[in-house]
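S.K.:
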Amino acid sequence: MRVGGSLRSTPTHRCPPTMSDAANPTLSYITPTATSPWGTYLAQVEAVLPYLGPLSRWIGTLTRPKRALIVDVPIEMDDGRIAHYEGYRVQHSLSRGPGKGGVRFHPDVTLEEVMALAGWMTIKNAAVNLPFGGAKGGVRVDPKALSRKELERLTRRYTSEIGLLIGPQRDIPAPDVNTDAQIMAWMMDTYSANVGATTTGVVTGKPVMLGGSLGRVKATGRGVYFVGRELAKRLDLDLTKARVALQGFGNVGSVTAEMFAAAGAKIVAVQDQYGAVYHPAGLDVARLAAVAKQPGGVTGYQGGEPLAPDEFWTIDCDILIPAALEGQLTAARARGIKARVVIEAANGPTTPEADLILRDRGIVVLPDVIANAGGVTVSYFEWVQDFSSFFWTEDEINQRLDQIMTGAFVQVWDAHLLHRVSLRTAAFIIGCTRVLQARAERGLYP
Ligand code: GLU
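Mapping of the sequence shown onto the numbering used here: position 359 corresponds to residue 396, and the numbering continues sequentially without gaps.
1) Throw me the rounded Cβ distance for the Val140 and Gly175 pair, which I believe falls under 8 Å.
2) Any heavy atom of the ligand GLU inside 8 Å of the beta-carbon of Leu154?
3) State buried or exposed for Gln284, treating a residue as buried only when at least 16 other CB atoms are found within 10 Å of its CB.
4) If you run the structure through DSSP and keep just helix, strand and coil, what is Phe142?
5) Within its chain, find whatever has a CB closer than 7 Å to the CB of Glu267; leave out the 5 residues flanking it on each side and keep chain order.
6) According to the Cβ coordinates, are Val239 and Ser229 closer than 9 Å?
7) Given Leu191, which residues of its chain have a CB within under 7 Å of its CB, disregarding the five upstream and five downstream residues?
8) Identify whether Val245 lies in helix, strand or coil by the three-state DSSP scheme.
9) With respect to the alpha helix (DSSP H) encompassing Arg471, which residues constitute its N-terminal and C-terminal limits?
10) If I measure Cβ to Cβ from Thr227 and keep anything under 7 Å in the same chain, skipping five residues before and after, which residues do I get?
11) Taking 8 Å as the cut-off, does the stretch 196-210 touch the stretch 122-131 (at least 3 CB pairs, one atom from each stretch)?
12) Residues in the same chain with beta-carbon distance under 7 Å from Gly76, minus the five sequence neighbours each way, listed in chain order, please.
13) Quick check: is any heavy atom of the ligand GLU less than 8 Å from the C-beta of Ile517?
14) For Gly117, which of Arg94, Lys186, Leu154, Gly90 has the nearest alpha-carbon?
15) Inspect the CB distances between the stretch 254-261 and the stretch 402-410 and report whether three or more fall short of 8 Å.
16) Any heavy atom of the ligand GLU within a distance shorter than 8 Å of the CB on Asn409?
17) Consider the C-beta atom of Asn384 and the heavy atoms of the ligand MG; say whether any pair is separated by less than 8 Å.
18) Below 8 Å on the Cβ atoms is my guess for Val281 versus Ile358; work out the distance and round it to an integer in Å.
19) What residues match up with Pro212 in a beta bridge as DSSP calls it?
20) Cβ of Met225 within 8 Å of any heavy atom in the ligand GLU?
21) Across the stretch 376-388 and the stretch 287-306, are there enough close Cβ pairs to call them in contact, namely three or more that are closer than 8 Å?
22) I need the DSSP call for Thr387, collapsed to helix, strand or coil.
23) Taking the DSSP output, what are the residues bridged to Ile107?
24) Count Cβ pairs between the stretch 336-345 and the stretch 353-370 that sit closer than 8 Å; are there 3 or more?
25) Going by the CB atoms, is the gap between Ile220 and Phe142 shorter than 9 Å?
26) Quick one: is Asp347 buried, meaning 16 or more other Cβ sit within 10 Å of its Cβ, or exposed?
27) CB Arg94 to CB Val472, shorter than 9 Å?
28) For Phe418 versus Gly252, is the C-beta spacing smaller than 9 Å?
29) With DSSP as the reference, label Tyr482 as helix, strand or coil.
30) Report back the beta-carbon spacing between Lys375 and Asp353 to the nearest angstrom; my notes put them in contact at under 8 Å.
31) What is the DSSP secondary structure of Val413, reduced to helix, strand or coil?
32) Taking the alpha-carbon positions, what's the Val328 to Val335 distance?
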């Protein structure tokens, strides 16, 4: 069964509100566009409105974040200068539980981006049915330009500044782009020092020695594979013959490649920030992973052909996996894609216009809010293990991850058949409905 443009139906509940209603005025503090992250997120929520029935009166809950904190992060540099960085923590929704979502260190981080990422966390956590709201944080910094000591000072000061919002019952950060287990260890230590008690459950993605969970590092890539496997079954796509191209070869991209290769697929092209490498017979993923960590990234791989940046998007393959940043799959690129399937390992990689082009071309998109939910799912396991101080085996974790991801996929697949909508809209229908149901049942105070 293909998900195509011809399969649109008339929704059963047509509801009057739209995003421009008085209930949803534009926010004064950001200016989203049709392709910017928050603009993309809003368009995705808007597509769900007709399917929400009476819950649509609560839609403003999803079209504005609950709280957005902007902090100054001053640190002393190794040469004695005082540098200031802009940091954020956005709690998009707390309707279903504490805030949950990663922290990103990147020079292009903005409030608007963090808001969208927090919004996607709300939908993702609800679509997979984790008992969390959605949140995200970030610091506008190039961490590669900092020494290890500077990075530690930045992390600790940022953690202290967002201490107003975070806590194991309030909002639980985790790794995201350019943040890892070491940064989570510093965050946990700083929070614990500030509250006067070791509080492992304040962050997830920690080192295993400090209450981290086995299997967390590989969880996102593993989850991408689990749902990719389920999708392939339903599309009669034989993974042992599939050719896969990936954009991004960090933690998520490299583990995703490893999992698909282990299932027999050929990884034919990989692009990172330095360039792209291609081999129609398949790249050696283990060798590529080792090379990718060196300066020059994947371009240092011997035995493949280099690709020009835009050539990557037109490569002949079956499955295309964006695993880098938002907004990469633009309308222009969508027109040239040869893959049958796009699996969004990154958050927000496809612009709304590109999404429509892919739909009209009959290319199936497995959306981020389900495709990359493996990371936060094992974060949930970590949080539960920290509370009970009882730790599970890696096998238990991977099995439960498979169960949750496969179960969530089946619900999204069934909703897409039932409503005759894209998998993205199906995932948003499930996620938004759960959030708004919680909101409506809780009611407003006062
Ligand atoms: N940063 C990951 C994501 O975007 C994981 C978040 C978490 O584990 O809380 O889903």
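A virtual CB, placed ideally from N, CA and C, is assigned to each residue, including glycine.
M.R.: According to the structure data:
1) 6 Å
2) yes
3) buried
4) strand
5) Thr443, Phe446
6) The beta carbons of Val239 and Ser229 sit closer together than 9 Å.
7) Val110, Ile112, Tyr122, Val176, Val178, Leu183
8) helix
9) 460-479
10) Arg193, Thr196, Ser197
11) yes
12) Pro69, Thr70
13) A question about residue 517 goes unanswered here, because the residues of the chain that appear run from 38 up to 483.
14) Lys186
15) Output reads yes: the stretch 402-410 touches the stretch 254-261.
16) yes
17) By its list of ligands, the structure shown excludes the ligand MG, since it contains just the ligand GLU.
18) Rounded, the Cβ-Cβ distance is 6 Å, consistent with contact.
19) Val140
20) no
21) Segments in contact, yes.
22) strand
23) Ile107 has Tyr125 as its beta-bridge partners, per DSSP.
24) no
25) yes
26) exposed
27) No. Outside cutoff.
28) yes
29) coil
30) 5 Å
31) helix
32) A straight-line Cα-Cα distance of about 6 Å links Val328 and Val335.
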